[in-house]
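Colleague: Count along the sequence shown starting at 1, add 98, and that's the number in the working numbering.
Backbone N, C-alpha and C define an ideal beta-carbon position, used for all residues, glycine too.
I'd like to ask you about the structure that follows.
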Amino acid sequence: MNLSHKTFLRIENVYTIITTLIFLVAYTLYFITDWLSSITFKNVAKFSFYSGFFSGIISCIVAWLTVIAFSIHPTTVYKAALKKVLSNHSVRTNLATPVKPAKFRAYSYTYPDMNNSHDVPIERKLQFWKPKRMQMMFQLEDAKGKLAMVSCDVSRKPGFLNLLRNRFTFHSLSVDIPDNEDRLILRGDAESDVFNEGVKLN
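The following block contains the structure:
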């Protein structure tokens, strides 16, 4: 008698759960149908406008980040190098202010050797279109007309925040001043210098 009573309670609970689920499904369908029936042409137009507007903004941001991530722009490198050079005390001592950029400017990209690249990670090989480094040379002219040659070798710093800030790693940065016997090496060493006994853009 007890077993039959327990079985009856179990069946009753199952029916209760099924009935509750059916009610919830029916109410959800009613709510969705009522919401769809209340949509007007004005609502559709407004939704389309805002969705298209925000989709366009997101697409522009993604495209902008893609361009930055897969390229090293010479103007950005030039501005970063110029800022580091002009903030150096030794450079300001040897050049008469104000210092302005001269006409000469040249740059070159260094790509990984895909034929003999056993030391290049596989994820870097897949990014064959991405410049590995940029070598740049440009001249500065001081107030007395003296020219100085600036050379640098840079690569993009890893990390999303560095990508947004457009930051670079300077593997070498030096300044050659005509009447100064010693080359001013601000980053790196003499062996890694780009401008070394003549133009050497790889």
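Just grab the DSSP bridge partners of Lys198 for me.
Modeller: In DSSP, Lys198 forms a bridge with Glu239.
Colleague: Could you check which residue in Trp162, Gln233, Asn111, Asp132 has the C-alpha nearest to that of Tyr209?
Modeller: If we check each option's Cα against that of Tyr209, Gln233 comes out closest.
Colleague: Please list the terminal residues of the continuous beta strand (DSSP E) segment that includes Ser272.
Modeller: Unbroken beta strand (DSSP E) run through Ser272: 266-274.
Colleague: Hey, Asp274 and Ala246 are a contact pair by Cβ (cut 8 angstroms); roughly how many whole angstroms apart?
Modeller: 6 angstroms between Cβ atoms; contact.
Colleague: Output the residue ranges of the beta strand (DSSP E) runs that lie fully inside the segment 131-160 and measure 3 residues or longer, sorted by chain position.
Modeller: Complete beta strand (DSSP E) runs here, min 3: none at all.
Colleague: For the candidate residues Val175, Val189, Leu193, whose alpha-carbon lies nearest to that of Lys255?
Modeller: Nearest C-alpha to Lys255: Val175.
Colleague: Can you tell which of Arg265, Pro276, Ile137 has the C-alpha that lies nearest to the C-alpha of Lys182?
Modeller: Checked all of Arg265, Pro276, Ile137; the closest Cα to Lys182 is Arg265.
Colleague: Using C-beta distances below 8 angstroms, list every residue in its chain close to Asn260, excluding the 5 sequence neighbours before and after it, in chain order.
Modeller: Counting only Cβ-Cβ distances below 8 angstroms, and skipping sequence neighbours, we find Arg254.
Colleague: For Arg254, report the span of its alpha helix (DSSP H) as first-last.
Modeller: Taken as a continuous stretch (DSSP letters only), Arg254 belongs to no alpha helix (DSSP H), being part of the beta strand (DSSP E) at 245-254.
Colleague: Using a threshold of 9 angstroms, state whether the C-beta atoms of Pro196 and Leu180 are closer than that.
Modeller: Cβ distance not < 9 angstroms, so Pro196 and Leu180 don't count as in contact.
Colleague: To the nearest angstrom, how far is the alpha carbon of His187 from that of Pro172?
Modeller: If I take the Cα positions, the gap works out to 25 angstroms.
Colleague: Would the beta-carbon of Leu262 fall within 9 angstroms of that of Leu163?
Modeller: Yes, the Cβ-Cβ distance between Leu262 and Leu163 is below 9 angstroms.
Colleague: Going straight from the alpha carbon of Ser249 to that of Thr191, what length do you get?
Modeller: Going by the C-alpha atoms only, they are around 19 angstroms apart.
Colleague: How many angstroms separate the CA atom of Phe202 from the CA atom of Gly286?
Modeller: If you take the alpha carbons of Phe202 and Gly286, they lie about 23 angstroms apart.
Colleague: What is the DSSP secondary structure of Leu282, counted as helix, strand or coil?
Modeller: In this structure, Leu282 counts as strand in the three-state DSSP scheme.
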